[in-house]
Amino acid sequence: MVQIPKVNYLFFGPEALLIVAALVLLLLDLFFWRQNNRRLAIFGIFGLVGAALMVIPLLGVNGTTLGTSLVVDSFSLFFKMLFLGIAILVIVLSVDYVAKHKFAGVGEYYTMLLFATIGMMFMAATTDLVMIYIGLELTSISCYILAGYHKKDPKSNEAILKYFILGLISSAIMLYGFSFIYGFTGHTELSQIAQALTGESAKLAVVAGVVFALAGFAFKVASVPFHQWVPDVYEGAPAPITAFLSVGPKAAAFAALIRILFIGFPVFASYWKILFIAMAIASMFVGNLMAIPQTNIKRMLAYSSIAHAGYILVGFAVASNEAITGILLYIAIYAIMNIGVFAIVMAVGHGSNGGEDLSNFNGLSKRAPFLAITMAIFMIALAGMPPTAGLWGKFYIFAAAVNKGLWWLALLGLFNSAISLYYYVNVIRHMYVLEPTTEAPLIFPVAYKGVVWATVLGTLIIGVMPGPLLWLSTISSKGFG
Amino acid sequence: MTVASAIFYFFAAILIFFSIKVVTTKNLFHSVMSAFAVLLGTAGLFFLFNAEFLGIVQILIYAGAVTILVLFVVMLTTAGPKYRIVWETPLNIWIFVFVILFGGMLGMIVLSIQWPVAKPVALHGVTEALATRLFVEYLLPFEVASILLLAALIGSIVLARRD
Amino acid sequence: MDITLNQVLILAAILFSIGTFGALTRKSIVIVVMCIELMFNAVNLNLVAFAYFSGLEALRGQVFAVFIMVVSAAELGLCMAIAIMLYRNRDTIQVDRINMMKW
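Protein chains in written order, with this note's numbering: chain A, 1 to 481; chain B, 482 to 644; chain C, 645 to 747.
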């Protein structure tokens, strides 16, 4: 007789509710609200808010259910709340974009966004390699489809093609690494893997396995040896999806990476640290230097997101508890800043007929003073200057690096922030110094304005008062590193 | 040489021959058929390694479902120019060199690791044991995989339908 | 002489390398994805061999292979949808002729 494991159904609350919401949304689209964009979006937001409410009874709980397939701890809850917040903002941004571009399959669009969110939540809440893989692929498949939603646009076609093929290759390489790890230990659960790894002969198997596995995650977080897809996909994908890709799947991959490295292979930290140092330096330099000559704003932000992945990877190279706190803080702050930036890019694109060229920002201070001033704040924040939240993200990671004796890595990071200032300030120059092509005031939907308000307030409040978010990331990173 | 290892070498030869054919042949149709030969050959190896369930699933999915699907797509989309592999470009030579080095490195790594090996035993009821594992230890991934299939299904319809 | 684990692993490594080469050089999306399928296949072979040679006590390798099969079949289906969409819009499914932006 097979022993059926005891299941704690409460632990599934957020994910289960979101799955039900996604399926009901699909049926509502089919039977009642045929392609009714606004109603479907509001239903999707209700689903996400409901899932966020289901997180509340889990606060402070530590436990696992169904073996270790689902882990509930403050780390996973931190990321769940982050993903739900990101998804809500992205849906708000999507409503007017979907209406303007007349997407076929509106209900499927929001369903895919919810599916991607579910995948990300599972990725952050498990310590099993199989579950991490399934969550990763659920996220990826949904994101491939969303990236190609402009079916008639050649750039979007190219985005889905590159994203899909390179994504498949990187996940094949990652699986090859997982198979080595399994072959050596006989387990797929991370803490059991850590126990099985003893003795000198484990070294090579682990190093090979981790290097291959890292290839898959380097693709997802857009770090250097696997970054070529980033600019093309970010440029070709629909703008709200670009905002989603630049923060959501990336944060999920970082979360899974933290679990794999710090639960599965903490003993071998001295080996994988070297890899992360190389990846961090390469990502920072490639991202920042390639961003300078870009004239398309989405392409520029793509390279800047590679650079930001580099700053976060500095935290992995340090690999102390302090550094992981810094990583969580940075991911949350970066999500807020970047969604705000994309809201402004979409507002400007909406007013100037979808144009994403940097010249559309010329003289924005005269056409839309609110957008210009908030964009300037976000640019300063992305460069990591006070009094914005961007400062604290960089500060805690680099401080952790200095405390661990990696002061030269922190110095390289600061040097790169200085380089990045060049292209961020260039955007401000376009908005305030150059003359606009038309004097007509920019007209854009109120939803974009709402998202910009929310994110800019978040950026400034965290910038003045980082305490609460820092406290959250400190308790969430407890036990790692 | 035992019967088992003779079977293994036979399948290994098939796998390598046809996988080279997938990569080098100029005819799209032949390439797809060679890929299925490789996948079926792997199913044979699965039977050899006491993974009957996987072998049958491999045959059902790849020979039964995927072949038809891929061949339909090939027929629908080959009205374009002739497909052929271009060996002359220097980039491909670099990729070739890179892949040779990569493969060599893989081989070296594999050979120099001391894998923990027990005596292989032929086991009855592997499928039953597999099912127990699948529905006890890996129940959650199994359920989430159904969401994944649904996502791929909806996505394929959205992308491929005419509108 | 019996089959050893190393022989199987070497075979999988060869298949994986050939698949990588094809995925990086072929121009038709269908063949690129079939080559990637070869790579997944090599991983499955690895996992099944590990499960067999570790005495079949823990069948986790075979379970993992089941999941990889599910995902790779789903992705193959998705790829066929993408091929149809591209052919409808661009009259070709060749990767290099769809390349508009620089890599």
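All C-beta atoms in this analysis are idealised placements derived from N, C-alpha and C, irrespective of residue type, glycine included.
Task: C-alpha distance - A/Ala-251 paired with A/Ser-140, whole-angstrom precision - done: C-alpha separation (whole angstroms): 13 Å.
Task: Proximal chain B residues relative to A/Pro-5, where beta-carbon distance stays under 7 Å - done: Val-617, listed in chain order.
- [ ] Round the Cβ separation of A/Ser-473 and A/Leu-328 to the nearest angstrom and send it over; I've been treating them as touching at under 8 Å.
- [x] About 4 Å separates the beta carbons of A/Ser-473 and A/Leu-328, which is inside the 8 Å limit, making them a contact pair.
Open item on the list: Does B/Met-556 pass the burial test, meaning 16 or more other C-beta atoms within 10 Å, or should it be called exposed?
Closed with: B/Met-556 comes out exposed.
Task: Coil, strand or helix - C/Glu-719 by DSSP - done: DSSP, reduced to helix, strand and coil, places C/Glu-719 within a helical segment of the structure shown.
Task: Closer than 8 Å to chain B by CB, C/Asn-733 - done: It does not: the Cβ of C/Asn-733 has no partner Cβ on chain B nearer than 8 Å.
TODO: May I ask you to list the residues that DSSP assigns as paired with A/Gly-340?
DONE: The secondary-structure analysis by DSSP pairs A/Gly-340 with nothing; it has no beta-bridge partner.
TODO: Would you please verify whether the beta carbon of B/Tyr-564 is less than 8 Å from any beta carbon of chain A?
DONE: Low per-residue confidence applies at B/Tyr-564: pLDDT is 46, beneath 50, and the placement is therefore not dependable, though the value from the model is reported in the following sentence. It does not: the Cβ of B/Tyr-564 has no partner Cβ on chain A nearer than 8 Å.
TODO: Report the neighbours of A/Ala-376 on chain B: residues whose CB is nearer than 8 Å to its CB, in chain order.
DONE: Within chain B, no C-beta atom comes nearer than 8 Å to that of A/Ala-376; the closest sits roughly 39 Å away.
Task: Contact set between B/Ala-626 and chain A, taken where Cβ atoms lie within less than 8 Å - done: Those within 8 Å of B/Ala-626 in chain A are Ile-134.
Task: Status (buried if at least 16 other CB within 10 Å, exposed otherwise) for A/Ile-274 - done: An exposed status is given to A/Ile-274, since fewer than 16 other beta-carbon atoms sit within 10 Å of its beta-carbon.
- [ ] Output the distance between the C-alpha atoms of A/Met-375 and A/Asp-357, rounded to the nearest integer angstrom.
- [x] In this structure, the straight-line span from the alpha carbon of A/Met-375 to that of A/Asp-357 is close to 15 Å.
Task: A/Gly-177 (DSSP reduced to helix, strand or coil) - done: Three-state result, A/Gly-177: helix.
Open item on the list: Any contact between the stretch 135 to 152 of chain A and the stretch 238 to 250 of chain A? By contact I mean 3 or more CB pairs, one from each, below 8 Å.
Closed with: These segments touch.
- [ ] Could you check what DSSP says for A/Thr-65 in three-state terms: helix, strand or coil?
- [x] A/Thr-65: strand per DSSP, three-state reduction.
Task: A/Asp-128 - partner residues in DSSP beta bridges - done: Answer by DSSP bridge pairing, in chain order: A/Glu-189.
TODO: Would you kindly report the start and end of the unbroken beta strand (DSSP E) that includes A/Val-71?
DONE: That run of the beta strand (DSSP E) goes 70 to 72.
TODO: Tell whether a beta-carbon distance below 8 Å holds between A/Gly-44 and A/Leu-113.
DONE: In this structure, A/Leu-113 lies closer than 8 Å to A/Gly-44 by Cβ.
Task: Pair within 8 Å by beta-carbon distance, A/Gly-236 and A/Ser-156 - done: Taking 8 Å as the cut-off, the Cβ atoms of A/Gly-236 and A/Ser-156 count as close.
Task: the stretch 285 to 309 of chain A: positions lying closer than 7 Å to chain C by Cβ - done: Of all residues in the stretch 285 to 309 of chain A, none has a Cβ within less than 7 Å of some Cβ in chain C.
Task: Span separating the alpha-carbon of B/Tyr-619 from that of A/Phe-265 - done: Near 22 Å, if we compare the C-alpha coordinates of A/Phe-265 and B/Tyr-619.
Open item on the list: Let me confirm a value: B/Glu-569 is counted as buried when at least 16 other C-beta atoms fall within 10 Å, else exposed. Which label applies?
Closed with: Since pLDDT at B/Glu-569 reaches only 42, below the 50 mark, its modelled position is unreliable, and no value is offered.
- [ ] Report, in whole angstroms, the separation of the C-beta atoms of A/Phe-115 and A/Leu-89, which I expect to be a contact under 8 Å.
- [x] Contact between A/Phe-115 and A/Leu-89 is ruled out by a C-beta separation of about 17 Å, above the 8 Å threshold.
TODO: Please confirm if A/Gly-264 has its CB atom under 8 Å from at least one CB of chain B.
DONE: It does not: the Cβ of A/Gly-264 has no partner Cβ on chain B nearer than 8 Å.
Task: C/Ile-726 and B/Leu-640 closer than 8 Å at C-beta - done: Closer than 8 Å, so yes.
- [ ] Provide the residue(s) that pair with A/Asp-357 in DSSP beta bridges, ordered along the chain.
- [x] DSSP lists A/Asn-296 as partners of A/Asp-357.
Task: Nearest-angstrom Cα separation, counted from A/Ala-332 out to A/Leu-58 - done: A/Leu-58 and A/Ala-332: Cα-Cα distance of roughly 20 Å.
Open item on the list: Checking 8 Å against the spacing of the C-beta atoms, do A/Thr-325 and A/Ser-477 come in under that value?
Closed with: Closer than 8 Å, so yes.
Open item on the list: Using a Cβ-Cβ cutoff of 7 Å, what residues of the stretch 158 to 171 of chain A are near chain C? List them in chain order.
Closed with: Listed by position along the chain: Glu-158, Ile-160, Leu-161, Phe-164, Ile-165, Leu-168, Ile-169.
TODO: Compare the beta carbon distance of A/Phe-268 and A/Val-206 with 8 Å and say whether it is the shorter of the two.
DONE: Cβ distance < 8 Å, so A/Phe-268 and A/Val-206 count as in contact.
- [ ] Excluding the 5 residues preceding and the 5 following A/Ser-305 in the sequence, name in chain order all residues of the same chain whose CB lies nearer than 8 Å to its CB.
- [x] Non-local C-beta neighbours of A/Ser-305 in its own chain, meaning closer than 8 Å and more than five positions away in sequence, comprise Ala-222, Val-230, Tyr-234, Ser-246, Lys-250, Gly-287, Asn-338, ordered along the chain.
- [ ] Could you spell out where the alpha helix (DSSP H) holding A/Gly-463 opens and where it closes?
- [x] In the DSSP annotation of this structure, the continuous segment of the alpha helix (DSSP H) that includes A/Gly-463 starts and ends at 446 to 464.
Task: Through-space distance from A/Leu-469 to A/Ala-323, alpha-carbon basis - done: Distance from the CA atom of A/Ala-323 to the CA atom of A/Leu-469, rounded to whole angstroms, is 15 Å.
Task: the ligand FAD heavy atom lying under 7 Å from the CB of C/Gly-663 - done: As far as ligands go, the structure on display features none, and thus does not contain the ligand FAD.
Task: Cβ-Cβ distance between C/Ala-657 and B/Leu-587 below 8 Å - done: Cβ atoms of C/Ala-657 and B/Leu-587: closer than 8 Å.
TODO: Within the same chain, show all residues whose beta-carbon is closer than 8 Å to that of A/Leu-166, passing over the 5 residues directly before and after it, in chain order.
DONE: Cβ neighbours of A/Leu-166 beyond the five flanking positions: Phe-219, Phe-226, Gln-228, Trp-229.
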